[in-house]
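Notes to accompany the following structure.
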Amino acid sequence: GDSVTQMEGPVTLSEEAFLTINCTYTATGYPSLFWYVQYPGEGLQLLLKATKADDKGSNKGFEATYRKETTSFHLEKGSVQVSDSAVYFCALRVNSGYALNFGKGTSLLVTP
Amino acid sequence: DTEVTQTPKHLVMGMTNKKSLKCEQHMGHRAMYWYKQKAKKPPELMFVYSYEKLSINESVPSRFSPECPNSSLLNLHLHALQPEDSALYLCASSQGTSGVTYEQYFGPGTRLTVT
Numbered sequence: 001g002d003s004v005t006q007m008e009g010p011v012t013l014s015e016e017a018f019l020t021i022n023c024t025y026t027a028t029g030y031p032s033l034f035w036y037v038q039y040p041g042e043g044l045q046l047l048l049k050a051t052k053a054d055d056k057g058s059n060k061g062f063e064a065t066y067r068k069e070t071t072s073f074h075l076e077k078g079s080v081q082v083s084d085s086a087v088y089f090c091a092l093r094v095n096s097g098y099a100l101n102f103g104k105g106t107s108l109l110v111t112p
Numbered sequence: 113d114t115e116v117t118q119t120p121k122h123l124v125m126g127m128t129n130k131k132s133l134k135c136e137q138h139m140g141h142r143a144m145y146w147y148k149q150k151a152k153k154p155p156e157l158m159f160v161y162s163y164e165k166l167s168i169n170e171s172v173p174s175r176f177s178p179e180c181p182n183s184s185l186l187n188l189h190l191h192a193l194q195p196e197d198s199a200l201y202l203c204a205s206s207q208g209t210s211g212v213t214y215e216q217y218f219g220p221g222t223r224l225t226v227t
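Here the protein sequences come in this chain order: F and A. No gaps in the numbering here: position 89 of the first sequence is 89 in the numbering used here, and each next residue is one more. Start counting at 1 in the second sequence, then tack on 112, and there's your number in the numbering used here.
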């Protein structure tokens with residue numbers, strides 16, 4: 001079945017450090033890929049997306065590239081801020097499906 | 113405007129109570145979703161409405177009853193819940209339910225505690 005695997009963390013970084021959160025997927029067909037962020041006590045916000053191979057999604061300094069050859073969609077940011085502390089979910093949606101398949105989430109804590 | 117609103121923000125109810133959660137969007141989206149999220153877990157899909165008709169029920173117990181009065185509103189009626197139903201309930205909407213570009217927009221959630 002369709003699934004997403006992401007590093008679970010928690011990940012602790014100092015402010016201005018480089019961030020990578022790994023995400024790999026298994027899917028039939030050609031899924032769309034998403035990163036959602038959930039700040040403490042809040043709902044999920046769409047951070048970025050990619051709908052086909054080699055697409056790069058970007059938003060607020062975060063980037064992720066849809067790599068079909070490695071079935072990956074790793075999230076990166078060059079310089080994290082304390083305000084980036086949150087849980088990050090990688091998700092996929094297949095073309096014919098209603099639902100988002102989420103990874104387990106990666107908790108990020110950025111310290112001053 | 114990409115806002116999905118949910119009320120109430122917090123709800124505490126006893127196991128014999130009847131309560132309802134409400135969700136609203138004004139983006140013209142034709143698909144709406146209910147998810148349940150337990151602490152430190154990803155959201156789990158409960159129901160999907162497409163064009164105001166129930167399309168998916170992920171084997172959710174009958175003590176949860178969804179309703180879609182119109183294309184902008186989605187309710188979740190709660191009755192005789194159990195303490196293990198305590199969770200964050202998230203509503204989401206998307207433009208449609210097919211194709212690769214219909215990302216889902218989430219509301220802030222209702223934090224439900226069953227005592």
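The beta carbon of each residue, even a glycine, is placed where N, CA and C say it ideally should be.
Option nearest residue i by Cα separation, candidates the options
i, options, result
"residue 53/F", "46/F, 72/F, 85/F and 105/F", "72/F"
"residue 219/A", "29/F, 24/F, 87/F and 46/F", "46/F"
"residue 58/F", "66/F, 67/F and 48/F", "48/F"
"residue 98/F", "11/F, 77/F and 31/F", "31/F"
"residue 221/A", "44/F, 106/F, 56/F and 67/F", "44/F"
"residue 89/F", "2/F, 6/F and 1/F", "6/F"
"residue 182/A", "120/A, 165/A and 151/A", "165/A"
"residue 116/A", "125/A, 148/A and 185/A", "185/A"
"residue 121/A", "200/A, 214/A, 139/A and 227/A", "200/A"
"residue 35/F", "101/F, 109/F and 111/F", "101/F"
"residue 4/F", "104/F, 109/F and 86/F", "104/F"
"residue 66/F", "60/F, 75/F and 55/F", "55/F"
"residue 172/A", "152/A, 195/A, 146/A and 151/A", "146/A"
"residue 175/A", "190/A, 167/A and 162/A", "190/A"
Contact set between residue i and chain F, taken where Cβ atoms lie within less than 7 Å
i, result
"residue 216/A", "100"
"residue 157/A", "99"
"residue 140/A", "Residues of chain F passing the Cβ test: none, with the nearest at roughly 17 Å."
Buried or exposed (CB count within 10 angstroms, at least 16 for buried), residue i
i, result
"residue 144/A", "buried"
"residue 205/A", "buried"
"residue 18/F", "exposed"
"residue 193/A", "buried"
"residue 216/A", "buried"
In DSSP terms, what residue i is bridged to
i, result
"residue 14/F", "111/F"
"residue 159/A", "146/A and 169/A"
"residue 91/F", "34/F and 102/F"
"residue 178/A", "188/A"
"residue 122/A", "223/A"
Amino acids of chain F, ordered along the chain, whose beta-carbon sits closer than 8 Å to that of residue i
i, result
"residue 167/A", "98"
"residue 209/A", "98"
"residue 160/A", "98 and 99"
"residue 202/A", "43 and 44"
Contact list for residue i against chain A, beta-carbon separation under 8 Å
i, result
"residue 77/F", "None at all; the shortest Cβ gap to chain A is about 20 Å."
Under 9 Å from the C-beta of residue i: neighbouring residues of chain A
i, result
"residue 103/F", "154"
Per-residue contacts from residue i into chain A (C-beta, under 7 Å)
i, result
"residue 89/F", "154"
- Query: For the segment 32-46 of chain F, which residues have a CB atom closer than 9 Å to at least one CB atom of chain A, in sequence order?
  - Reply: 32, 34, 36, 38, 41, 42, 43, 44, 45 and 46
- Message: Short of 7 Å Cβ to Cβ, which residues in the segment 46-74 of chain F face chain A?
- Response: 46, 49 and 51
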